[in-house]
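Here the sequence shown stands for residues 1 to 297, numbered as in our numbering.
Just so you know, even glycine gets a beta-carbon here, dropped at the ideal spot from N, CA and C.
It should be emphasised that the depicted structure is a prediction, and the values quoted were computed from it without experimental measurement.
Here the structure comes first, spelled out in structure tokens, and everything after it is commentary.
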Amino acid sequence: MAGETLGVIGTGRMGGPMAGRLMDAGYSLVVYDTQADATQPLVKRGALVGKSPADVASRADIVLASLPTPDIVKAVALGQDGISSGNRAKIVIDLSTSGPGAAKLVAEGLSAKGMTLVDAPVSGGIKGAVNGTLAVMVSCPQSTYETVQPILKNFGKLFYTGDKPGVAQTAKLANNLMAAAALVITSEAVAMGVKGGVNAKVLIDIINASSGRNSASEDKFPRAVLPGTFDFGFATGLSYKDVRLCVDEAEAMGVPMVCGAVVRQMLAITNAKYGASSDFTSIAKVLEEWAGVEMRG
Numbered sequence: 001m002a003g004e005t006l007g008v009i010g011t012g013r014m015g016g017p018m019a020g021r022l023m024d025a026g027y028s029l030v031v032y033d034t035q036a037d038a039t040q041p042l043v044k045r046g047a048l049v050g051k052s053p054a055d056v057a058s059r060a061d062i063v064l065a066s067l068p069t070p071d072i073v074k075a076v077a078l079g080q081d082g083i084s085s086g087n088r089a090k091i092v093i094d095l096s097t098s099g100p101g102a103a104k105l106v107a108e109g110l111s112a113k114g115m116t117l118v119d120a121p122v123s124g125g126i127k128g129a130v131n132g133t134l135a136v137m138v139s140c141p142q143s144t145y146e147t148v149q150p151i152l153k154n155f156g157k158l159f160y161t162g163d164k165p166g167v168a169q170t171a172k173l174a175n176n177l178m179a180a181a182a183l184v185i186t187s188e189a190v191a192m193g194v195k196g197g198v199n200a201k202v203l204i205d206i207i208n209a210s211s212g213r214n215s216a217s218e219d220k221f222p223r224a225v226l227p228g229t230f231d232f233g234f235a236t237g238l239s240y241k242d243v244r245l246c247v248d249e250a251e252a253m254g255v256p257m258v259c260g261a262v263v264r265q266m267l268a269i270t271n272a273k274y275g276a277s278s279d280f281t282s283i284a285k286v287l288e289e290w291a292g293v294e295m296r297g
């Protein structure tokens with residue numbers, strides 16, 4: 001219920017807008033981010049600032065975290081001055097994409113301190129975080145799910161994947177692999193089309209009216225590649241991390257990832273060439289260079 005005090009750790013490009021939506025819904029927030037300026041828009045609206053993740057977990061009923069990598073998730077949850085050292089919160093909602101292995105480890109570490117992990121990665125990018133149209137995949141005990149539903153529904157559509165930690169992470173990794181794969185194959189196809197004399201925008205329009213349409217042709221190309229802005233809003237380094245996690249987890253389960261391995265290599269090349277902080281639509285720039293074309297229109 002609004003009126004509870006919530007903690008939010010990680011108020012960056014995704015966490016910031018999600019925290020803002022919680023404030024819109026009437027929740028009081030205690031926030032923390034290693035980049036102090038990331039909390040300022042929320043502080044101006046009345047949020048309090050915690051001194052550490054442990055401090056946030058000592059001042060809030062439920063703590064939410066939106067963090068970039070599995071190692072940071074583990075450190076924030078279980079490390080020195082981490083959430084597990086707090087003395088008030090009993091539920092921790094992890095909105096990060098950290099992979100099934102990290103989710104299980106964090107769930108065990110929190111459980112030892114009497115806390116329950118809600119594994120709740122989100123998909124839909126910054127736009128979805130701002131508009132409340134994210135897909136939120138959730139795994140946690142059923143009774144905990146009923147407690148956190150009113151909070152999570154502020155972010156978008158909920159998909160309950162069961163009570164085992166890490167299952168929601170598996171679903172998220174599957175989605176992010178496919179999103180990256182769509183970008184790679186669309187870049188190759190459009191580069192070929194342009195080299196063969198088809199206007200890039202006309203080709204994208206044809207693909208979107210045909211059986212080849214996908215998330216890259218419908219959204220990422222029109223928004224970030226055809227205008228040449230390469231600013232969709234998802235970092236190459238994060239996409240590379242997600243795809244690496246996905247391929248590694250799949251192979252550990254005995255599921256071969258032949259296409260996934262190629263997508264990982266394309267992201268490795270893009271990451272090396274344009275840097276981790278570049279936009280992941282820069283995959284198309286790699287193809288432009290290799291093919292000697294520009295995909296604009």
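With respect to the 7 Å criterion, G7 and A60 are classified as neighbours on the basis of their beta carbons. L95 carries a coil assignment under DSSP once its states are collapsed to helix, strand and coil. Contact between K220 and L183 holds: their C-beta atoms lie close to 6 Å from each other, under 8 Å.
When rounded, the separation of the alpha-carbon atoms in G82 and Q40 is 22 Å. It is roughly 10 Å from the alpha-carbon of A261 to the alpha-carbon of A268. Classified as buried, N271 has 16 or more neighbouring CB atoms from the shown chains inside 10 Å of its CB. Distance from the CA atom of A112 to the CA atom of F159, rounded to whole angstroms, is 27 Å. By the neighbour-count criterion, in which a residue is buried when 16 or more other Cβ atoms sit within 10 angstroms of its Cβ, T281 is buried.
Rounded to the nearest whole angstrom, the C-alpha separation of M14 and N131 is 11 Å. According to the DSSP secondary-structure assignment, D119 is paired through a beta bridge with D94, S139.
Contact annotation: M18 and F155 have beta-carbon atoms nearer than 7 Å. Taking the Cβ atoms as the reference, G125 lies roughly 11 Å from A135, outside the contact range of under 8 Å. Sequence-distant Cβ neighbours of R45 in its own chain, meaning closer than 6 Å and more than five residues away, are M23.
In the same chain as M257, and ignoring 5 residues on each side of it, the C-beta atoms closer than 7 Å to its own belong to V247, A250, E251, in chain order. Taking the CA atoms as reference points, G12 sits about 8 Å from D33. Straight through space, the alpha carbons of S52 and V286 are spaced by roughly 41 Å.
A straight line joining the alpha-carbon of T186 with that of S217 spans about 7 Å.
When DSSP assignments are scanned along the segment 128 to 197, the uninterrupted stretches of beta strand (DSSP E) that are 3 or more residues long and fall wholly within it turn out to be 134 to 139, 156 to 162. Taking 7 Å as the cut-off, the Cβ atoms of V63 and A89 count as close. Straight-line spacing of the CA atoms in A291 and V202 works out to 19 Å.
In this model, A276 and N199 are separated by some 30 Å (Cα to Cα). Rounded to the nearest angstrom, the gap between the Cα atoms of T147 and G228 is 45 Å. Inside the segment 24 to 82, DSSP marks whole alpha helix (DSSP H) runs of 4 or more residues at positions 40 to 44, 53 to 59, 70 to 78, from first to last along the chain.
Distance from the Cα of P141 is smallest, within the candidate group M115, D242, V293, A57, for M115. Taking the C-beta atoms as reference points, D119 is found nearer than 7 Å to P165. Taking the CA atoms as reference points, S58 sits about 19 Å from L42. Around the beta-carbon of V255, fewer than 16 other beta-carbon atoms lie within 10 Å, marking it exposed. In terms of Cα proximity to C259, the closest of L152, I9, A180 is A180. When secondary structure is reduced to three states using DSSP, A107 falls in the helix class.
DSSP places E294 in the coil class of the three-state scheme, outside both helix and strand.
By the beta-carbon neighbour count (other beta carbons within 10 angstroms, threshold 16), E288 is buried. Around the beta-carbon of D279, 16 or more other beta-carbon atoms lie within 10 Å, marking it buried.
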